[in-house]
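Q:
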Amino acid sequence: MFAEVVTPELFASAVRLATPIALAAVGASICERAGVVNIAMEGLMLIGAFSGMVTALMTGSAWLGVIGAVTGALIFASLHAWASVNLGADQVISGTAINILALGTTGFLMETIFGHPGTTDSVQTIGPVFDFPTGGEGPFATVWLWIDTVFLSYTPIVYFGMFAAIFLTWALYRTRWGLRLRSLGEHPRAADTVGINVLKGRWFAVLASGFMSGLAGANLTLEQVGSFTEGMTNGRGFIALAAMIFGRWIPGGGYLASLLFGFADALQLKLQLFSDIIRIPAQFFLMLPYLLTVIVLAGVVGRAVAPTAIGKPYSEKG
Amino acid sequence: MAPDATLICSAPETGPASAPILELRHITKRFPGVLANDDVSVAVAPGEVLALLGENGAGKSTLMNVAYGLLVADSGEILVNGEVVVIKAARDAIKLRLGMVHQHFMLVEPLTVTENIVLGLEPTSRFGGVIDRATARARVIELSHRYGLKVDPDARVRDLSVGNQQRVEILKALYRDARVLILDEPTAVLTPQEVKELFQIVRELVSEGLAVVIITHKLDEVMSFADRIVVMRSGRIAGETTPGACDQASLARMMVGREVVLRVEKSPSVPGDPLLEVRDLQVSDDRKLPAVKGVTLTVRAGEVVGIAGVDGNGQRELVETIMGLRRASKGSILLRGKDITRDDTRRTIASGVSHVPEDRHRRGLVLQFDLVENIALGDQRKRPFSRYGVLDRVAINAEARRRIADYDVRTPSSHVAAANLSGGNQQKLVLAREIGRDPDVLIAAQPTRGLDVGAIEFVHRRILAERDRGKGVLLVSMELEEVMSLSDRILVMYGGLIVAEFEGGTVTDEEIGFFMMGGLGEHDPKSPDVSGGEDA
Amino acid sequence: MPEQVIDDSPEHRAQEAERRFALEQERIRRLIRVATPFISVAIAILLGSVVIALSGKDPLLAFGAMFSGAFGGTRQIGETLLRATPLIFTGLAVAYGFRSGLFNIGAEGQLFLGGIAAAFVGVMLAGYPWMISVPLVLLAAALAGAAWAFIPALMKARIGAHEVITTMMFSYIGRYVVSWIIAGPFKDKGQIPQTPELPETSQLPRLSDVFTFIEPNRAHLGIVLGIVLAVVVWWVLKYTVLGYEARAVGFNPTAAQTGGISVSMTTVKSLCISGALAGLAGAVEVMGVHHRMFDQFSSGFGFTGIAVALLAKNNPIGVIAAAILFGSLSAGAGTMQLEAGVSQKVISVIQGTIIFLVGAEAIVSWAVKRIRSMKEATDVR
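Chains as they are written, first to last, in my numbering: chain D, 1050 to 1367; chain W, 81 to 616; chain H, 2 to 382.
#1: Going by the CB atoms, is the gap between V1247 (chain D) and L1233 (chain D) shorter than 8 Å?
#2: In terms of residues, what are the limits of the beta strand (DSSP E) holding Q362 (chain W)?
#3: Note down the Cα distance separating L599 (chain W) from L554 (chain W), rounded to an integer number of angstroms.
#4: Measure the C-alpha to C-alpha separation of G1360 (chain D) and S1143 (chain D) and round it to an integer number of angstroms.
#5: Which one or two residues does DSSP pair with E103 (chain W) in a beta bridge?
#6: CB C273 (chain H) to CB A147 (chain H), shorter than 8 Å?
#7: I want to see whether chain H comes within less than 8 Å of T425 (chain W), judged by CB atoms only; does it?
#8: Which term fits F1387 (chain D), buried or exposed, when burial requires 16 or more other beta carbons within 10 angstroms of its beta carbon?
#9: Does DSSP classify T1224 (chain D) as helix, strand or coil?
#10: Would you report the Cα separation of L566 (chain W) and I402 (chain W), rounded to the nearest angstrom?
#11: Can you tell me whether M403 (chain W) is helix, strand or coil according to DSSP?
#12: Excluding the five sequence neighbours on either side, which residues of its own chain have a C-beta within less than 7 Å of the C-beta of I53 (chain H), listed in chain order?
#13: Go ahead and label M1107 (chain D) buried or exposed: buried means 16 or more other beta carbons lie within 10 angstroms of its beta carbon, across all protein chains shown.
#14: Report the partner residues of E370 (chain W) according to the DSSP bridge assignment.
#15: Under 7 Å Cβ to Cβ from P83 (chain W), same chain only, skipping five residues before and after it: list those, please.
#16: Do the CB positions of L511 (chain W) and V436 (chain W) come within less than 8 Å of each other?
#17: Give a yes or no on whether 8 Å exceeds the smallest Cβ distance from G1184 (chain D) to chain H.
#18: Count the other C-beta atoms from every protein chain shown that fall within 10 angstroms of the C-beta of A1146 (chain D), then say buried if there are 16 or more, exposed otherwise.
#19: Could you list which residues in chain D have their beta carbon closer than 7 Å to that of Q352 (chain H), in chain order?
#20: Looking only at its own chain, which residues have a Cβ that is under 7 Å from the Cβ of A71 (chain H), when we skip the five neighbours before and after it?
#21: Going along the chain, which residues of the region 131 to 146 of chain W sit with their C-beta nearer than 9 Å to a C-beta in chain A?
#22: Near E246 (chain H), which residues of its chain fall below 6 Å by C-beta distance, leaving aside the five closest residues on each side in sequence?
#23: For the beta strand (DSSP E) containing F582 (chain W), list its first residue and its last residue.
#24: Tell me E383 (chain W)'s beta-bridge partners as DSSP assigns them.
#25: Thinking C-alpha only, which one of W:G392, W:G404, W:A170 and W:V385 is nearest T271 (chain W)?
#26: Listed in chain order, which residues of the region 310 to 336 of chain H have Cβ atoms closer than 9 Å to some Cβ of chain D?
#27: Does the beta-carbon of M1261 (chain D) have 16 or more other beta-carbons within 10 angstroms, so that it is buried, or is it exposed?
#28: G1101 (chain D) and G1114 (chain D): beta carbons closer than 8 Å?
#29: Does T336 (chain H) pass the burial test, meaning 16 or more other C-beta atoms within 10 Å, or should it be called exposed?
#30: For F214 (chain H), which three-state DSSP category applies?
#31: Could you name each continuous beta strand (DSSP E) segment of 3 residues or more that falls completely within the region 220 to 287 of chain H, going from the start of the chain to the end?
#32: Going along chain W in order, which residues have a C-beta closer than 7 Å to the C-beta of S344 (chain H)?
#33: Compute the Euclidean distance between the alpha carbons of V275 (chain W) and G162 (chain W), then round it to the nearest angstrom.
#34: Anything in chain H within Cβ reach of D1314 (chain D), meaning under 9 Å, just list it in chain order.
#35: Here's a check: name, in chain order, each residue in its chain whose Cβ is nearer than 7 Å to the Cβ of A1239 (chain D), leaving out the five neighbours to either side.
#36: Is there a Cβ from chain H that is less than 8 Å from the Cβ of T1145 (chain D)?
Below is the structure:
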């Protein structure tokens, strides 16, 4: 059974399943480094998934769908930015409102546009970037199959997620933007007194997380599933928060932590196929990612240090 | 303005000697509840040190925050080099070459010294936006050599001593090529020796043609370093003078608006039995580093024991451990001979130890609670405030009324939120709770921080009254003067240890200051110099 | 009161004037705070109308239908109260958490656990008189809800893991656990995954069955229970040491700790009480409406509870009113869909908007200030 479970496809599936979580986690770490809590990723992802799907169905182009997904998520992210950055609202509550608003809006539009609740029509998903030939016999062919499946089999947004994690980690520590962003989350008044525009910087960070969540949604509907189902994000936005914390608010760390969740998810999907051998009810497999999140948090939170000014509204004239 | 001032001091010249570089004209700034600046005009010229003297709440910091763009005045104008300018944000002020060192440092603690200094004006390499770290570091080293401000450019700011953090702040301004440097209460956190060093640096800067404005409430300092003194009171200019034309007593009168007693009158103490004993106490701080490294002290009935020391030398951890807010890793705490080392805070309070915390907003009060509920805090489980888990609101109200009257807390009603009180009245409320509980031992940490003279006098009298009633008082303060004037015995804390002990009234500032830096004189071992050194 | 003013200098008089000005400002701010829920509901309904109009339907017709569906007669009012009942409980759950500085976003999961516990204990106690079984069923549900909040509470207290993530994760886990119990070990006979029916002695009777002068409707005794419980929670918060300590920790944990209150103990207690209240919501829903447990028994009561608590400004008595408002929205939504062809989901748009506006109080005061300054501008002209 081991050989049937541990296949190259298992790892590739882990990466694919990790991607929406990872994109959101990377976005969240940027947002929180600037001092804004964003628990709205769940909702932003859902909005992205839906608006991406609708755009794709209307235009017939999955690529335009990606743009639609990002636009939708950015609009809702602006709400969060406006409330929490400009008006000093409670960021956790603003995020909750957006989550519920997203659930309601997508549900309402779903029935209005498609005339029924549940699942939308489907579109042709975006295919993998590369298409190298595999097959044949011998050790070389096996190694190549592994390499091709684990590294070269993905769709564009998956690769973008990897790139974003690496690039943003570098940028956070090596560029002017990164230094300023970090100062916003640690001591916004200090940043203000040296002439850094706190509101602008935080707006940008919130929008960045909206952008990433929108892409996560696009990845779900346009690259993975091919259709939209109400509430399909299923807690991924919250898992992304845990991944961000596990990754110590570093984009790359968040990405790696997401891989852990992706792997758990891939494994449980795979093991479900063997339910006649293992005989564990499906519900216990399904709860695995959430259970893992709790365990990870229990193990790590005490030692991970959040940005100092996280969640505190900043007013220039305070 | 203020004719009484001219009667007291012979104020010869008005305004700076040469053409001012920074001038504030008719500044008015209103906050909800306070007129912080009321038609204030001040000017400073290159090459001079202007002292802006006034009590807490007199409006000095507000005025300078207006100049630096952190606040926008309701009316009035700002001139730089004789031209009217608009300063709406700090970036405007920086462009006009103004620099400011705030009382609470504007440093990003997890970042390095270099990163803090260049933040907002980072040298970048060809690729847009990539920080050129070599250049940044070189510039910091160059500046720090030029002005004799020794700091390790690679150290993390959170690992630096307060004195060194202040240097970083000054370097930050110099890096931006400031021509006017505003220092807000720069000596509040320094030892007497560090103060001396700071003034040497200030002299150096002034000789390079900078204008320096120092905001302070300390009379002796003003007399020793200022070229010119502007006194503020209740948001207005109370007078202007020079150190040569005035003495401390008349300056004090100008500052407060009435006759002030510079030192508290107190009778000699009659110490009785030991009440609180701390033996070889060791405690770690939040970062799990040792903060208290073996402190032994005794507070007897009828005496005030004062702990002097620079902030961050283990005082906070010591107090918190006595109160059961923190765990001791070694050693013991005895109250009337009974071991209370392992007691939690509630039991410690119940056994007769009261605590006036150093930060009344964060620790002292629940600001959203009304006065009554704040009075109950700490006694809510005890009769008559509650029985069987149910609060007796009538009893609490009655007791609160009594204490509010006793401690002269000025409030429109006992049912307004504590947030609505002034700082002085908030502190009186804390005292009403902590002393009103009638403890055997009172631990007062920074009991007068941020208060005006009237409130300070009140707090000091209350503390001494407790002593005279035979209670033991442990006073922790960064204000050396406060420790000196109240204490019957003075302990100096440095690096988590008690490094010296004196009888009250037998020592000078300098002697204590010497030990506040660990008895090592000019050099602070906590501060690595440019060439390296320890990096915690 | 020591309100005698001795000092009579011009400075002091100026200070006094400023102080009065400040109190006046404070009064206005308090006014805005009180008005916020009402303004928010108004704005949200307005926004809902715009959304309905944009979807090509008539908002007036829609809200008219909704109103008649919620209050048009005894049956309709009964339906409104029926839907308000679990919301009072979840609203209290979330409000109690908020008062203690905790955001119990996972009330939904605790509600499921409470529901299954009620279903199980109710069936087990078949044969006992209702005076024994009803209290025990309620107790079991409360304990189950509290238990489900306990681990997140412990994680918050011991290592500071944010309860928003942990209670949310436990909510998912709880739903799967319950789903398994319903489909597996405690499944009723037949194909449908649901628990066996409660014996009548464990059910909460309809109001119209108890008070026969009321015309028949579906509202059950749970609403009375909810109102009583709201008063109890109000009393606990205001008049007990437990509530005092919870509020102290909620406002300022550092000061509470300095005052000798154990923050971690209080956190655990408060989140468990919150969980217990949510668990009771599941129990009344099972005992009063469905008389058994199945997967779809809650239409997101735990999440609507957040909106209820926020709209009520976490005031237990206010929770009753807010729950009835949301209950009426939910009861009227069906009629609205039927008569105006507007999707029921529009009410969750309204709900989200209300959370946004009330929770982010700043938005309403911003709007009020905007309107004021616009008025002033026109007044000048």
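Ideal Cβ positions, reconstructed from N, Cα and C, are used throughout, including at glycine.
It should be emphasised that the depicted structure is a prediction, and the values quoted were computed from it without experimental measurement.
A: By the coordinates alone:
#1: Indexing the first sequence from 1 puts residue 1233 (chain D) at position 184. Indexing the first sequence from 1 puts residue 1247 (chain D) at position 198. Cβ atoms of L1233 (chain D) and V1247 (chain D): closer than 8 Å.
#2: The residue given as residue 362 (chain W) occupies position 282 in the second sequence. Run containing Q362 (chain W): P354 to S364, per the beta strand (DSSP E) assignment.
#3: Along the second sequence, one-based indexing puts residue 599 (chain W) at 519. Along the second sequence, one-based indexing puts residue 554 (chain W) at 474. For clarity, residue 599 (chain W) is Gly in the given sequence; the question names Leu instead. The straight-line gap from Cα to Cα measures roughly 23 Å.
#4: Reading the first sequence from its first residue, position 311 is the one you call residue 1360 (chain D). Reading the first sequence from its first residue, position 94 is the one you call residue 1143 (chain D). About 11 Å.
#5: As a first step, residue 103 (chain W) must be located in the second sequence, where it is residue number 23. Looking at the DSSP assignment, E103 (chain W) forms a beta bridge with W:A123 and W:L159.
#6: Here residue 273 (chain H) is taken as the residue at index 272 of the third sequence, counted from 1. Here residue 147 (chain H) is taken as the residue at index 146 of the third sequence, counted from 1. Yes, these two residues count as a Cβ contact at 8 Å.
#7: Working through the second sequence from its first residue, we reach residue 425 (chain W) at position 345. Yes - at least one Cβ of chain H is within 8 Å of the one on T425 (chain W).
#8: Residue coverage of chain D in this structure runs from 1050 to 1367, which leaves residue 1387 (chain D) outside it and unanswerable.
#9: Counted from its first residue, the first sequence places residue 1224 (chain D) at position 175. Note: T1224 (chain D) maps to strand in three-state DSSP.
#10: Your numbering for residue 566 (chain W) matches position 486 in the second sequence. Your numbering for residue 402 (chain W) matches position 322 in the second sequence. Taking the straight line from one Cα to the other gives about 21 Å.
#11: Start at 1 with the first residue of the second sequence, and residue 403 (chain W) comes out as number 323. M403 (chain W): coil per DSSP, three-state reduction.
#12: Position 52 of the third sequence holds residue 53 (chain H). Result list for I53 (chain H): P60, A63, V343 and V347, in chain order.
#13: Residue 1107 (chain D) sits at position 58 when you count from the first residue of the first sequence. Classification of M1107 (chain D): exposed, given that the 10 Å Cβ count is below 16.
#14: By one-based count along the second sequence, residue 370 (chain W) stands at place 290. Here the sequence assigns Pro to residue 370 (chain W), which means Glu is not the residue at that position. Answer is W:S364, bridged to P370 (chain W).
#15: Locating residue 83 (chain W) in the second sequence gives position 3, counting from the first residue. Since pLDDT at P83 (chain W) reaches only 43, below the 50 mark, its modelled position is unreliable, and the value read off the structure follows with that caveat. Hits under 7 Å: none found.
#16: By one-based count along the second sequence, residue 511 (chain W) stands at place 431. By one-based count along the second sequence, residue 436 (chain W) stands at place 356. Cβ atoms of L511 (chain W) and V436 (chain W): closer than 8 Å.
#17: In the first sequence, residue 1184 (chain D) corresponds to position 135, counting from 1. G1184 (chain D) has a beta carbon lying at 8 Å or more from every beta carbon in chain H.
#18: Position 97 of the first sequence, counting from 1, holds the residue named residue 1146 (chain D). A1146 (chain D) is buried by the Cβ-count criterion.
#19: In the third sequence, residue 352 (chain H) corresponds to position 351, counting from 1. Correct list: I1149 and G1153.
#20: In the third sequence, the residue the question calls residue 71 (chain H) occupies position 70. Same-chain partners within the cutoff: Q77, T81, S329, A332 and G333.
#21: Among the protein chains of the structure shown, namely D, W and H, there is no chain A.
#22: To locate residue 246 (chain H), count along the third sequence from 1; it is residue 245. Around E246 (chain H): I262 and T267.
#23: Working through the second sequence from its first residue, we reach residue 582 (chain W) at position 502. Element bounds for F582 (chain W): L577 to E583.
#24: Residue numbering aside, residue 383 (chain W) sits at position 303 when the second sequence is read from its first letter. The partner list for E383 (chain W) (beta bridge, DSSP) reads W:G552.
#25: Position 191 of the second sequence holds residue 271 (chain W). That would be W:G392, whose Cα lies nearest to the Cα of T271 (chain W).
#26: L311
#27: Looking up residue 1261 (chain D) in the first sequence gives position 212. By the neighbour-count rule (16 or more Cβ atoms within 10 Å), M1261 (chain D) is buried.
#28: By 1-based counting over the first sequence, the position of residue 1101 (chain D) is 52. By 1-based counting over the first sequence, the position of residue 1114 (chain D) is 65. Yes, the pair counts as a contact, with Cβ atoms nearer than the cut-off.
#29: Here residue 336 (chain H) corresponds to residue number 335 of the third sequence, with the count starting at 1. Buried, by the Cβ-count rule.
#30: In the third sequence, the residue the question calls residue 214 (chain H) occupies position 213. Three-state DSSP puts F214 (chain H) in coil, outside helix and strand.
#31: none
#32: Here residue 344 (chain H) is taken as the residue at index 343 of the third sequence, counted from 1. Ordered by position in chain W, no residue passes the 7 Å Cβ test against S344 (chain H), which lies about 41 Å from the chain.
#33: Start at 1 with the first residue of the second sequence, and residue 275 (chain W) comes out as number 195. Start at 1 with the first residue of the second sequence, and residue 162 (chain W) comes out as number 82. Distance between the alpha carbons of V275 (chain W) and G162 (chain W): 33 Å.
#34: One-based indexing of the first sequence puts residue 1314 (chain D) at position 265. Chain order gives no chain H residues near D1314 (chain D), where near means a beta carbon separation below 9 Å; the closest approach is about 13 Å.
#35: Looking up residue 1239 (chain D) in the first sequence gives position 190. The answer, listed in chain order, is S1232.
#36: As a first step, residue 1145 (chain D) is located in the first sequence; it is residue number 96 there, counting from the start. Closer than 8 Å to some Cβ of chain H, the Cβ of T1145 (chain D) qualifies, so yes.
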